[in-house]
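A short write-up of the structure that comes next.
Residue numbers (full-length UniProt numbering): 1 to 545.
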């Protein structure tokens with residue numbers, strides 16, 4: 001304000017200074033013979049114009065200053081209101097959190113009280129036998145689906161009482177009888193409902209006198225001495241048995257997570273842990289004999305070995321660096337992140353991700369980077385773009401027209417698989433704002449159109465054989481019967497089926513071995529023609545026992 005007043009004072013003194021200048025100019029004029037009236041008028045107009053311009057500018061500045069002060073006052077009021085609203089929301093959130101905490105503590109107290117008195121537990125899950133009276137099994141309500149926390153005092157009641165499962169009560173008898181072979185066969189026969197089996201097997205294991213021993217017994221035959229390693233990849237029965245072994249190890253781990261320390265110690269005894277260690281030491285050298293397919297990130301052998309160590313807590317008996325080298329062999333399994341945490345390999349994940357990137361498996365690297373919060377060190381968008389760039393470079397030399405149609409089709413199929421894998425990864429991790437998907441989708445549509453056009457051209461060019469006449473004599477004229485044609489000449493199926501993403505991060509290996517790959521990276525696609533084994537596995541056929 002002081003500066004404004006000083007400026008106003010100076011502007012007011014302008015008139016007096018002009019008058020002084022006029023007197024000086026008149027005195028100067030008196031000493032000259034030539035009159036200067038015309039010149040003085042010009043000077044006076046000039047100074048008057050300057051004075052008006054300064055006053056107008058000064059007025060504008062004052063108005064702007066007042067407007068600015070008004071805005072400051074309004075902004076201050078808005079900030080105060082927002083601050084008040086934030087404080088009110090914080091108080092409301094704290095109140096709701098406290099209410100939920102109190103409710104959770106109350107629920108835990110009730111559950112502990114029930115477990116301390118197992119005979120009073122609702123008969124929907126477990127009924128204990130009282131004196132000489134037989135146990136009574138009542139109907140289980142539909143909303144009881146999860147496994148409650150079990151203490152050492154109640155584990156004995158699981159063995160002596162009645163354990164009820166919702167869909168497959170046969171599982172309880174198999175587990176109670178310690179029938180590992182029957183359990184394998186039952187899972188194989190009901191493989192179409194593996195999701196339900198996965199939920200009920202941990203419940204059924206409670207009926208076993210020794211669930212850990214039952215699971216270890218089920219591992220027999222995982223490595224069949226009569227089948228070579230190369231043939232094992234083609235043996236559907238053996239593959240199914242191995243997937244069942246992995247699922248049983250996971251179900252036992254799920255059960256152990258619901259127990260207290262005393263109950264776990266009674267189940268995983270020193271004897272059991274010694275058996276598990278012996279099996280792991282027997283399996284470990286066999287991992288060195290795995291073929292190249294094990295490097296596709298979907299190795300059942302490596303997965304089973306790591307799951308065995310995690311379930312029985314024996315990873316400390318093996319070299320951590322060697323275990324981390326096995327992670328790329330299972331990087332496409334959806335359980336990989338949990339396995340790494342259980343085995344204590346979280347601090348080694350940056351090195352694992354580097355190995356995946358160097359081998360051209362950027363999709364697996366992105367998934368692990370998100371799982372272990374390493375996206376700042378390994379930017380996902382950059383990795384996905386690099387993966388597509390490598391795919392594009394691999395197909396560029398063949399676009400000149402010198403490649404055979406078969407090789408060109410294979411390369412286009414690899415690029416299509418890469419694009420779909422990247423789109424799925426963007427969707428899974430919600431990267432749409434960071435990576436525009438429109439250009440990728442357009443390229444996918446373009447490649448699919450080329451594929452469809454070539455397929456039609458192949459069907460048209462296919463030779464048509466003559467059919468015999470109904471009486472079997474000679475060859476008559478061809479009759480255009482659409483139904484008969486379709487039955488006699490079955491429609492060609494896709495050589496490379498579209499990928500199906502039933503489970504995140506489960507990408508099987510390539511469908512062709514003679515196509516040039518980009519940086520050695522396997523194609524991220526798999527066939528929809530097979531059943532899935534619950535945890536992202538292909539299941540081709542039932543296996544025999």
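Beta carbons are placed, not taken as given, at the ideal position from N, Cα and C, and that holds for glycine. Please read all numbers here as calculations on a predicted model, not as lab measurements.
Pick helix, strand or coil for residue 368, following the three-state DSSP scheme.
Along the chain shown, one-based indexing puts residue 368 at 368. The answer is helix: DSSP assigns residue 368 an H, G or I state.
Could you spell out the range, first to last residue, of the alpha helix (DSSP H) harbouring residue 247?
Taking the first residue of the chain shown as 1, we reach residue 247 at position 247. Run containing residue 247: 236-256, per the alpha helix (DSSP H) assignment.
Does DSSP put residue 379 in a helix, in a strand, or in coil?
Position 379 of the chain shown, counted from the first residue, corresponds to residue 379. Judged by DSSP in its simplified three-state form, residue 379 adopts coil rather than helix or strand.
So for residue 178, helix, strand or coil by DSSP?
Reading the chain shown from its first residue, position 178 is the one you call residue 178. Per DSSP, reduced to three states, the secondary structure at residue 178 is coil, with no helix or strand assignment.
Could you tell me the distance, in whole angstroms, from the CA atom of residue 357 to the CA atom of residue 282?
Taking the chain shown and counting its residues from 1, the one referred to as residue 357 is at position 357. Taking the chain shown and counting its residues from 1, the one referred to as residue 282 is at position 282. In this structure, the alpha-carbon of residue 357 lies about 31 Å from that of residue 282.
My parser needs the beta strand (DSSP E) runs of 3 or more residues fully inside the segment 308-359; what are they?
none
Under 8 Å, do residue 218 and residue 174 count as touching if we go by C-beta distance?
Within the chain shown, the letter at position 218 stands for residue 218. Within the chain shown, the letter at position 174 stands for residue 174. Contact: no.
When you compare only the Cα positions, how much space is there between residue 560 and residue 10?
No information on residue 560 is available, as it lies outside the stretch 1 to 545 that the chain covers here.
Can you find the residues in the same chain that come closer than 7 Å, C-beta to C-beta, to residue 54, ignoring five residues on each side of it along the sequence?
Here residue 54 corresponds to residue number 54 of the chain shown, with the count starting at 1. 11, listed in sequence order.
Compute the distance between the beta-carbons of residue 276 and residue 216, then report whether it is under 8 Å.
For the purposes of this step, residue 276 is identified with residue 276 of the chain shown, where counting begins at 1. For the purposes of this step, residue 216 is identified with residue 216 of the chain shown, where counting begins at 1. For residue 276 and residue 216, yes; Cβs fall inside 8 Å.
By Cβ distance below 8 Å, which residues in the same chain neighbour residue 284 in space, the five residues on each side in sequence not counted?
Residue mapping note: residue 284 aligns to position 284 of the chain shown, counting from 1. Excluding residues within five positions, the ones whose Cβ falls inside 8 Å are 305 and 318.
Could you compute how far the alpha carbon of residue 451 sits from the alpha carbon of residue 367?
The sequence position of residue 451 within the chain shown is 451, counting from 1. The sequence position of residue 367 within the chain shown is 367, counting from 1. Roughly 30 Å between the two C-alpha positions.
Indicate the three-state DSSP secondary structure (helix, strand or coil) for residue 207 in the structure shown.
To locate residue 207, count along the chain shown from 1; it is residue 207. Coil.
For residue 212 versus residue 261, is the C-beta distance shorter than 8 Å?
As a working mapping, residue 212 is identified with position 212 in the chain shown. As a working mapping, residue 261 is identified with position 261 in the chain shown. In this structure, residue 261 does not lie closer than 8 Å to residue 212 by Cβ.
What is the DSSP secondary structure of residue 58, counted as helix, strand or coil?
Locating residue 58 in the chain shown gives position 58, where the first residue counts as 1. Residue state, collapsed to three classes: helix.
Since residue 219 is in the alpha helix (DSSP H), which residue starts that stretch and which ends it?
As a working mapping, residue 219 is identified with position 219 in the chain shown. Element bounds for residue 219: n/a, residue is neither H nor E.
Helix, strand or coil: how does DSSP classify residue 387 here?
Taking the first residue of the chain shown as position 1, residue 387 is located at position 387. Here residue 387 sits in helix by DSSP.
Can you say whether residue 482 is buried or exposed, counting buried as having 16 or more other CB atoms within 10 angstroms of its CB?
The residue given as residue 482 occupies position 482 in the chain shown. Per-residue confidence for residue 482 stands at a pLDDT of 42, beneath the threshold of 50, marking its modelled position as unreliable; the derived number appears in the next sentence. Label assigned to residue 482: exposed.
Hey, how far is the Cα of residue 42 from the Cα of residue 6?
The residue you call residue 42 lines up with position 42 of the chain shown. The residue you call residue 6 lines up with position 6 of the chain shown. Those two C-alpha atoms are separated by around 29 Å.
Determine the direct distance from the alpha carbon of residue 372 to that of residue 258, and round the result to whole angstroms.
As a first step, residue 258 is located in the chain shown; it is residue number 258 there, counting from the start. As a first step, residue 372 is located in the chain shown; it is residue number 372 there, counting from the start. Rounded to the nearest angstrom, the two C-alpha atoms are 25 Å apart.
Please classify residue 8 as buried or exposed, where buried requires at least 16 neighbouring CB atoms within 10 angstroms.
Stepping through the chain shown from its first residue, residue 8 is reached at position 8. Flag for residue 8 reads exposed.
Could you check what DSSP says for residue 434 in three-state terms: helix, strand or coil?
Position 434 of the chain shown, counted from the first residue, corresponds to residue 434. Coil.
Could you tell me the alpha carbon to alpha carbon distance between residue 240 and residue 352, rounded to whole angstroms?
In the chain shown, the residue the question calls residue 240 occupies position 240. In the chain shown, the residue the question calls residue 352 occupies position 352. The straight-line gap from Cα to Cα measures roughly 28 Å.
Is there contact between the segment 436-456 and the segment 405-424, where contact requires at least three CB pairs shorter than 8 Å?
Cβ pair count under 8 Å is three or more, so yes.
Using CA coordinates, which residue listed in 69, 392, 109 and 455 is at the minimum distance from residue 440?
Looking up residue 440 in the chain shown gives position 440. Answer by Cα proximity: 392.
Just to confirm, are residue 200 and residue 225 a CB contact at a threshold of 8 Å?
Residue numbering aside, residue 200 sits at position 200 when the chain shown is read from its first letter. Residue numbering aside, residue 225 sits at position 225 when the chain shown is read from its first letter. It is not a contact, given that the beta carbons lie outside the stated cut-off.
According to DSSP, is residue 66 part of a helix, a strand, or is it coil?
Position 66 of the chain shown, counted from the first residue, corresponds to residue 66. Of the three classes helix, strand and coil, the one that applies to residue 66 here is helix, per DSSP.
Apart from the five residues just before and just after residue 290, which ones in its own chain have a Cβ nearer than 8 Å to its Cβ?
Position 290 of the chain shown, counted from the first residue, corresponds to residue 290. Result list for residue 290: 229, 299, 301, 302 and 329, in chain order.
Would you identify the three-state DSSP class for residue 439, choosing helix, strand or coil?
For this step, residue 439 is matched to residue 439 along the chain shown. Helix, per DSSP.
Looking at the unbroken alpha helix (DSSP H) that takes in residue 423, where does it start and where does it end?
As a first step, residue 423 must be located in the chain shown, where it is residue number 423. Where residue 423 is concerned, the enclosing alpha helix (DSSP H) stretches over 405-428.
For residue 273 and residue 256, what's the separation of their Cα atoms in angstroms?
For the purposes of this step, residue 273 is taken as the residue at position 273 of the chain shown. For the purposes of this step, residue 256 is taken as the residue at position 256 of the chain shown. Residue 256 has its alpha-carbon roughly 14 Å from the corresponding atom of residue 273.
Keeping to the same chain, check which residues put their C-beta closer than 8 Å to that of residue 208; ignore five residues upstream and five downstream.
The sequence position of residue 208 within the chain shown is 208, counting from 1. The answer, listed in chain order, is 159, 175, 176, 178 and 214.
Could you tell me the alpha carbon to alpha carbon distance between residue 252 and residue 457, rounded to whole angstroms?
By 1-based counting over the chain shown, the position of residue 252 is 252. By 1-based counting over the chain shown, the position of residue 457 is 457. Note on geometry: alpha-carbon atoms of residue 252 and residue 457 lie some 54 Å from one another.
Would residue 345 and residue 310 be called neighbours here (beta carbons separated by less than 8 Å)?
Start at 1 with the first residue of the chain shown, and residue 345 comes out as number 345. Start at 1 with the first residue of the chain shown, and residue 310 comes out as number 310. No, Cβ-Cβ distance for residue 345 and residue 310 is not below 8 Å.
Helix, strand or coil for residue 225 per DSSP?
What you label residue 225 is simply residue 225 of the chain shown in a count that begins at 1. Coil, per DSSP.
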